[in-house]
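Okay, structure first, notes after.
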Amino acid sequence: MLSQERYNLIMENLRVKGNVSMRELVELLGVSMDTVRRDIKYLESIGNLKKVYGGASLPNQIVTNHSFVNRKNSNVVEKQEISNKAIQYIKEYQAIALNAGTTNVEFAEELVKSFDCLTVITNSLLIANILNTKKDFTVIVTGGFLDHEEHSFYGNGVMDNLHQFYADIAFINVNAISLEKGITDFRQGEVEVINAFIKNVEKVIVLADSSKFETISYLKICDLDKVDVFLTDSNINPQLVKQYKEKNVIIK
69 MLSQERYNLI MENLRVKGNV SMRELVELLG VSMDTVRRDI KYLESIGNLK KVYGGASLPN
129 QIVTNHSFVN RKNSNVVEKQ EISNKAIQYI KEYQAIALNA GTTNVEFAEE LVKSFDCLTV
189 ITNSLLIANI LNTKKDFTVI VTGGFLDHEE HSFYGNGVMD NLHQFYADIA FINVNAISLE
249 KGITDFRQGE VEVINAFIKN VEKVIVLADS SKFETISYLK ICDLDKVDVF LTDSNINPQL
309 VKQYKEKNVI IK
């Protein structure tokens, strides 16, 4: 494959996903890690992308509405790693809340494997269907209007129902996290759901792969201090973790 063909594929992938890991590019392009690094370095030198720890993103990236399918199929290994971390925070018989998000879909699969009896509140149709396979799980679905693209419920019906429920932990999926701007998202209905979960739980845990850090989206959810801990993957830049820690933000 010619270098220009590789450049085109890298940029096409970035435009679809917003970010991409080195590991994904090695597999996509069928070349060595060294070749990918050189390609990333060149594309950064001409301003086409921004090199980040373990991969690349679009320059000055504002996260926009990438399709659910594309988000679900990206960073799968990282989502599995995060899910394995998250189950360590749960005990049998607890009540937890999961908002709609592709990492929480992966997390729901781990919950089914790891626990026998939980109560789960969710606005996600996909998550509810996964959890429904466990007969001793109590699954509370918020109801409301169904967003067919996101496979989730939103609207006044959701909000009315959420105010009636309390949980031990909320596991939250978001689109963007920034030291300066806090937590943001492009899904308006989901922003309302997340804020309702935050108000009605004892602990808030954000599950976000490393590509979500130091990006922003259109709608503010909350400041970083509303979250007890951020769980991410091993591709996170250690220097970034240090910067967040200096602001009393815990990333694990």
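Convert by adding 68 to the 1-based position in the sequence shown; the result is the number in the numbering used here.
Think of the CB as a built atom: it goes at the ideal place given N, C-alpha and C, for glycine as much as any other residue.
Please state the DSSP three-state secondary structure of residue i.
| i | result |
| --- | --- |
| D102 | helix |
| N76 | helix |
| I16 | What is shown of the chain runs 69 to 320, which leaves residue 16 out entirely. |
| L70 | coil |
| N81 | helix |
| V309 | helix |
| D277 | coil |
| S302 | coil |
Considering residue i, what are the terminal residues of the alpha helix (DSSP H) in which it resides?
| i | result |
| --- | --- |
| E95 | 90-97 |
| L287 | Where L287 is concerned, there is no enclosing alpha helix (DSSP H), although the beta strand (DSSP E) it sits in stretches over 287-290. |
Bridge partners of residue i, per DSSP?
| i | result |
| --- | --- |
| K118 | S125 |
| D215 | S220 |
| I318 | BP columns for I318 are empty, so no partner. |
| N87 | S125 |
| I208 | I189 |
How is the beta strand (DSSP E) around residue i delimited, first residue to last?
| i | result |
| --- | --- |
| F298 | 297-299 |
Give me the Cβ distance between residue i and residue j, rounded to the nearest whole Å; I'm assuming they're in contact under 8 Å.
| i | j | result |
| --- | --- | --- |
| D253 | E146 | The Cβ separation is near 19 Å, so there is no contact. |
| G191 | Y222 | The question names Gly, yet the displayed sequence has Asn at residue 191. With 8 Å as the limit, N191 and Y222 qualify as a contact, their Cβ atoms being about 7 Å apart. |
| C185 | Y161 | 5 Å |
| N241 | T171 | 5 Å |
| V297 | K320 | 6 Å |
| I164 | F239 | 6 Å |
Would you list, in sequence order, the uninterrupted alpha helix (DSSP H) runs of no fewer than 4 residues that lie entirely inside the region 138-205? 144-154, 170-182, 193-199
Complete alpha helix (DSSP H) runs within the region 219-275 (minimum length 4 residues, chain order): 224-230, 256-267
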